[in-house]
Each structure stands twice: as structure tokens, then as C-alpha cells.
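Below you'll find the structure, written out as C-alpha cells, and then a few comments.
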Amino acid sequence: MRFIKPILIASIALPTLFGQVTNVQAASTTPLLDLWTDESKSKSSNPSDTYYLYRKPIKGAFFKNMYSGYTFYYPYAWNLDAHQIPNYARLYHYNFRIDITVQNTAQIYSTNAAYISKTTADIKKYITKDSSWSKSNGKFRLVEYSRPVVKGISDDMNKYAYLFVEKGKFVYTFQLKTSDKHYAQKRKDLLYIASTFQATTPKKFDLKKTTKLSNPDISYSYQGNSLRIPKNSFMIGLYTSNSRDVDLLSSKLKSDIGSQFFYKPIDSKFDSYTKELLNKKRLPVVTFLLEQGNGVKNPQITRDIISGKYDANIQNWAQEIKKLNGPVFIRFGNEMNGSWAQWSHQNNYNDPDLYKLAYRHFVDIFRKNNTKNAYFVWNPNISSSPNYEWNHATMYYPGDKYVDWIGLTAYNFGNGTFSRFLYFDSLYENLYYDYSRTFSSKPMLIGEFGSVETGGSKAKFVSEFFAKIPTKYTNIKIALWFSAKHDNYNFSVGTSQSSLDAFTKNMKNTNVIKGLK
């Protein structure tokens, strides 16, 4: 937090009474408090001067977000998490949290009303009260809702309220989460915040200025197999619909393949193919989809994971991976920020904490089994759906303590109704810089990517990523190409002779790592 000398605020009357301001007793730790604390301590290289905070005992704290453009007062004893302020700010304590995001509806070609309507669409049947009012400082709407308690969460908080503040083309969005026991007081506190709220002119910041770019030397060793990726190098990997087709591609490319990823449902048992890959000196990347193997949709699967329904399956994976003679990477519930995923916001009451708790529960089982050769990848999609600030990838980050690698995913879909052909630089540059700033302490991998032929040169796309990753995107240490068809898009290696030749030629580069040691 940044503390500076107090200034006189003449335009805002300071409330002198808040709930939970004085004599707040320290509570024992809970999964939710641990989560929010870990998130607040996670590293970023965002600018440190994006906000102003002045605390004064009894009377409260004055918070000004210069980046997003707003001010308000809040109770003195509350914690502020401002480390991801370009995307969100958070107020929290042992019995609540309030996430604050700002949506410029003009930038998403929408209206305030449409934004609020879509935000509340998936929680509509859980709404208990909906009220609106207008004041000189904005147009307000309070949407209150609740969900069933999740039995696997100690001291679960299942009461929510959205406070939407409209001012021009901006909607300032506050999401309160607390327990039934504390709801009345926290609702009152939220309304106090609303009464002191003022919209201000956002200040422009050069976010790239503070971005720290890394060029790590990766070295993991475990029982005879080691992963070694020197600086200015990266490991190439593949996915094919039939896993063993990677061996055919390897022959076609006249090169070994460094890594391979495959998908497994959360209710699966250990797949011995993981061991087979290690025996081939190929790094296994197991992607766990939060789905059932029988294909039956389970909207509450995230809560089921938290509550222990799949603990036996997860433990089986943890125990069997522990026996292996090399490192294994695990992607848990990737693309959680996309509405196409069963584990996205739409089945979780617009509450990203539920995904994060499921992720942490999964990792904790591996840790309890002392599975030291498992490395955990957190991997959102470049595109959030809906493309709203409250659904930004950062909202789903489970904290530095639970993430070993940051995953990036972006595809070139070529020319189409809603897309155009994008070469690697155009596709990944902004994403890479954003993640380098936002998650500044972690190495990166491209969890899956690919290109079609339509609208440009796939061969050029291939040559560009081989050239640019080890020189410009030096913190990307592994890149996994999705060599398969998806819907009407064919990302397979070798869809043309020129793209196959580009792969074959570049696989010979000395800075391309093609296997474990």
C-alpha cells in the first residue's frame, strides 16, 4: 500500500460511523481469508502510484484510485488489495470482501443498461432484492442475491450484493460477498461507501514502463529425468487428437518432440500414458478439464471439487505421479474466464473465489501427498467472455503460492466474420507484456496455440514464433502447438507443404529444446 500525507477533501462529507471499525478481534484463519491474503501478497510490477490511501483511526480511510477514476471512504480496519489496480481493487477482512471494477461501456460497444443486465443474467434466479436510486454523485442500483452454502468451505460466505454506480459511460461495479451472519452490517457499510463515492477523471499511466521482462534459466531434476531450458531457448510441444499420433508427427518432422499435452476429466484415474511420455524423454502436460468422463454436464462441479467429491481421483493422480521418474506439468481448469467452460462464472454465481478454491484444493492434495515432481500451470484464455472487467483473468488467479507457471492461450483463427489473420507478434505481444506485468514472478508457457491457413501465410506464422519466442518473448519457456481440428478450424501441423517445411526447418534450431535430459 502507498501512504502519503493527508489532503483536505472539502467536497465529501466523511461518515464517522462504520461497522467493524473499532475493537475488531483477529479471527482465526479461514480458506477465504487465506485466499485473499495470498492474492494480495502475489507479485506484480504494476505502477505503485496508481492510488492514494490515507488512514485515520476511528474516522476511516480515504481511497483514491487515480487509474480508474474514483474516490470513497471505507472503515479503517479493513484491508486493501491494490496490487492489480489496472484491473480491480479489493477491500476485505475476515468476514467479507468487496471487489471493485470499472467498466467503460463505450469501449465494449455496449450500454450501461446492457452491461448490468448481462452481469446479472446468470444470477437472476438467486436475486432476493433489487433497488435503485439517484443522487448527485451517480445513479445507483443494488442487486442482492444468495446461494446455497458449500459444505467444503469452512465459514463459507454465501450472501452477495452488487452495487452498480453509473456515471456517464462508466459503471463502477462493487461486488460484496459475506455471510448471512454479517450481511446486514456489511450491506450498511457498502451503502456508506456509496454515499461517499465520487467519480473522478482517470489518469493515464504507461503500464509498459514498469513491466519487468524475464529471461530465466529453467532447471528441474527428478529421479533421473531433468527439464533444462537455458536462457533464450524454449521447449516445443504438441497436442494431437490421438495422443500417439505425436510419434508419427515426430517422424514426419525428423525431430524429437520436447513436450506433449493431453486432456483428462476431473473424475479420471491416473493414465499410464504419463509414464510412457517420460520414458520417451517427453515432458507430460496433463490438462484437467472440470468435467465428468461420462459427458454428463454437472453445473456444480466446481463446488463438488471443493467439497471433496473427487478427492480419491485427485489423490490417485498425486500418488502415481510421485512414483514417476521426472517432472509432470498440470493445467487445472484452463480458460476459466470463458463462458464456454463449464467451470466459468455462469455456474459459479459470478464468484471467482469458487474456481480459485477448487484449484487450491486440487493442489493441496498433491502437497499432502508430497508429490514434488508436479508443477502447476494456471492458464486463462486471451479472451474473456463476457469481456467485462469483473471477468478479467486476474480475478481468477489463486495466488503465487499455488502457481508455478503462467499459461497463455491465443489462436490465429484467420479471416472470418469475427476475426482476421494475425501473425504471432500481433497475437501475443500485448498479452505477453500484460502478463509479464501482472504476474511478474512466474515463468510462462503457451498452453495451446495454433494457426489456420486462411487469410495469410501459416508458414510465416510458424517461422515467426520460432524466431520471436527465444529473442523477444524470453520468459515463454514452453510452447505447445494444438495440432488438430477444432470446429471449422484446422490447426494441424502440415496443412500445407509450406507450413510443414517451416516446422521441419525450424525444429533444427539449437535454441529449440526437444526433450528431457
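Positions -26 to -1, 1 to 491 (mature numbering (1 follows the signal peptide of the UniProt record, and there is no 0)) are the ones given, in order, by the sequence shown.
The beta-carbon is built from N, C-alpha and C at its ideal position, and this holds for glycine as well.
If you're wondering where the values come from, they're calculated on a predicted model, not measured in any experiment.
- Message: Run through the DSSP bridge pairs and tell me what P122 is partnered with.
- Response: DSSP lists no partner for P122.
Margin query: In chain order, what are the residue ranges of uninterrupted beta strand (DSSP E) at least 3 long that sit wholly in the stretch 435 to 474?
Written below: The DSSP assignment places 450 to 456 as complete runs of the beta strand (DSSP E) inside the stretch 435 to 474, in order along the chain (cut-off: 3 residues).
>> I'd like to know whether the C-beta atoms of V426 and F477 end up nearer to each other than 8 Å.
In response: Remark: C-beta atoms of V426 and F477 do not approach each other more closely than 8 Å.
query: By Cβ distance below 8 Å, which residues in the same chain neighbour W314 in space, the five residues on each side in sequence not counted?
result: Excluding sequence neighbours, W314 sits near S359.
Could you check the C-alpha separation between G373 and I97 for me, to the nearest Å?
-> G373 and I97: Cα-Cα distance of roughly 26 Å.
> Does the beta-carbon of T276 have 16 or more other beta-carbons within 10 angstroms, so that it is buried, or is it exposed?
Replying inline: The residue in question, T276, is buried, as its Cβ has 16 or more Cβ neighbours within 10 Å.
| Quick check: the stretch 189 to 202 against the stretch 164 to 180, are there 3 or more CB pairs under 8 Å? | Counting C-beta pairs closer than 8 Å gives fewer than three between the stretch 189 to 202 and the stretch 164 to 180, which falls short of the contact rule.
Near K479, which residues of its chain fall below 6 Å by C-beta distance, leaving aside the five closest residues on each side in sequence? Excluding the 5 residues flanking it on each side, K479 has no same chain C-beta neighbour closer than 6 Å.
Which of the three DSSP states is assigned to S431 in this structure? Assigned with DSSP and collapsed to three states, S431 falls in coil, not helix or strand.
| Taking the alpha carbon of K17 as the point to measure from, which residue in G267, K133, F306 and Y409 has its own alpha carbon closest? | Nearest of G267, K133, F306 and Y409 to K17, Cα basis: Y409.
Option nearest S19 by Cα separation, candidates L181, T484, S207 and D399: S19 has its Cα closest to that of L181, out of L181, T484, S207 and D399.
- Say whether the stretch 252 to 262 touches the stretch 299 to 314, bearing in mind that this needs 3 or more beta-carbon pairs closer than 8 Å, one atom from each stretch. Yes, they touch.
Practice prompt. Report all residues from its chain with a CB closer than 8 Å to the CB of T383; omit the five preceding and five following residues, and keep chain order.
Written response: Taken in chain order, the residues that qualify are N308, E309, N353, P354, N355, I356, I420, G421, E422 and F423.
Check for me: the beta strand (DSSP E) holding S357 runs from which residue to which? Here S357 belongs to no beta strand (DSSP E), and DSSP marks it neither H nor E.
*Taking three-plus beta-carbon pairs below 8 Å as touching, is the stretch 130 to 142 in contact with the stretch 99 to 114?*
With a cut-off of 8 Å, the stretch 99 to 114 and the stretch 130 to 142 count as touching, because enough Cβ pairs lie within range.
query = Near F244, what residues of its chain come up, given a Cβ to Cβ distance below 6 Å and the 5 sequence neighbours on each side ignored?
reply = Contacts found: N290, W291 and E294.
Check your understanding: Comparing alpha-carbon positions, which option in I443, T412 and T391 lies nearest T398?
Key -> What sits at residue 398 in the sequence shown is Phe, not Thr. When only C-alpha atoms are compared, the closest one is I443.
Per-residue DSSP class, three states only, for N321: If DSSP states are grouped into helix, strand and coil, N321 belongs with the helices.
Exercise for review: Mark T318 as exposed unless 16 or more other C-beta atoms lie within 10 angstroms of its C-beta, in which case mark it buried.
Suggested key: Note that residue 318 is Ser in the sequence shown here, rather than Thr. Buried is the call here.
Checklist entry - Does the stretch 213 to 225 come within contact of the stretch 450 to 470, defined as at least 3 CB pairs closer than 8 Å? => result Verdict: yes, contact present.
ask   = With distances taken between CB atoms, is the gap from K228 to L490 smaller than 8 Å?
value = Result no, Cβ atoms of K228 and L490 do not sit closer than 8 Å.
Distance, A332 Cα to Y194 Cα | Distance between the alpha carbons of Y194 and A332: 27 Å.
task = State buried or exposed for R218, treating a residue as buried only when at least 16 other CB atoms are found within 10 Å of its CB.
result = With fewer than 16 Cβ atoms within 10 Å of its Cβ, R218 is classed as exposed.
With a 10 Å radius around its C-beta and 16 neighbouring C-beta atoms as the bar for buried, classify G390 as buried or exposed. Exposed, since its Cβ has fewer than 16 Cβ neighbours within 10 Å.
Terminal residues of the continuous alpha helix (DSSP H) containing F66?
-> First, the residue type needs correcting, since residue 66 is Tyr and not Phe in the sequence shown. Note, Y66: premise wrong, no alpha helix (DSSP H); beta strand (DSSP E) at A63 to H67.
*Whose C-beta lies closer than 7 Å to the C-beta of V220 among residues of the same chain, with five residues either side of it excluded?*
For V220, where only same-chain residues beyond five positions count, the Cβ hits under 7 Å are L212, T214, I231 and Q234.
- Query: Any idea if K238 is buried or exposed, counting beta-carbon neighbours within 10 angstroms, 16 or more meaning buried?
  - Reply: With 16 or more other CB atoms across the displayed protein chains lying within 10 angstroms of its CB, K238 is buried.
Checklist entry - At a Cβ threshold of 8 Å, is S207 touching chain D? => result Although the question refers to chain D, the structure presented lacks it and comprises just one protein chain.
- Query: Counting Cβ pairs, one atom from each stretch, are 3 or more of them under 8 Å apart for the stretch 456 to 471 and the stretch 335 to 346?
  - Reply: Contact fails: fewer than three Cβ-Cβ distances are below 8 Å.
* To do: Name the residue from S472, T469 and N449 whose alpha carbon lies nearest to the alpha carbon of M209.
  => Of S472, T469 and N449, the smallest CA-CA separation from M209 is found for N449.
Measuring alpha carbon to alpha carbon, tell me which of N268, H366, E250 and N299 ends up nearest S242.
The closest CA to that of S242, considering only N268, H366, E250 and N299, is found on N268.
Beta-carbon proximity check, T147 vs T75, cutoff 8 Å: Cβ distance < 8 Å, so T147 and T75 count as in contact.
Considering only the alpha carbon of each residue, which of S225, P190 and Y44 lies closest to L27?
Per the Cα distances, Y44.
Quiz prompt | Test item: CB-CB of S14 and D73 under 8 Å | solution = No, Cβ-Cβ distance for S14 and D73 is not below 8 Å.
- [ ] Note down the Cα distance separating S470 from N404, rounded to an integer number of angstroms.
- [x] Each residue's alpha carbon lies about 29 Å from the other.
Checklist entry - Hey, which unbroken runs of the alpha helix (DSSP H) at 4 residues or more fall wholly within the stretch 364 to 408? => result None, since the stretch 364 to 408 contains no complete alpha helix (DSSP H) of that length.
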